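A.B. asks: Just so we're aligned, residue 488 is where the sequence shown starts under our numbering, counting upward by one. Before we start, here is the structure in question, set down as structure tokens.
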Amino acid sequence: MKNLAGLMKQASQMQAKMEEMQASLGNIQIEGSAGAGMVTVTLSGKGDMRAIRIDPKLADPTEMEMLQDLIVAACADARVKLDKTAAEEMQKVTGGLNLPPGLKLPF
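What follows is the structure in structure tokens.
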């Protein structure tokens, strides 16, 4: 029974660390870009868009379709970087354990 109690305590500690990590991710900002930096998008650690910068050269009405595509590409770039950062932080917390996403500890 001691082993089970110890395991539950470890799981509780890991859950607390995961919650701290998630809170700290909310404070970071990740920037993605497209079109050689002509469009940049900044996302919060939770994936909310915080800023967008567009090179004035792209404000040509005949180029709106390209501008829209670049915005989508910059958002995707920022999201990939955000997911990578979150995965790296999770690895630090779990000590390399590959836990399924959304797993709540203790069980």
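For glycine and all other residues, C-beta sits at the position ideal for the given N, C-alpha and C. Small disclaimer: the values here were computed from a predicted structure and weren't measured.
1. Count the other CB atoms within 10 Å of the CB of V567; is the residue buried (16 or more) or exposed (fewer)?
2. Which value, in whole angstroms, describes the spacing of the CA atoms of T549 and G522?
3. Using alpha carbons as the reference points, say which of N514, Q500, E506 lies closest to L569.
4. With burial defined as no fewer than 16 other Cβ atoms inside 10 Å of the residue's Cβ, what is the status of K579: buried or exposed?
5. If you check the beta carbons only, do L545 and M536 fall under 8 Å apart?
C.D. replies: With the structure as the only source:
1. exposed
2. 17 Å
3. N514
4. exposed
5. no
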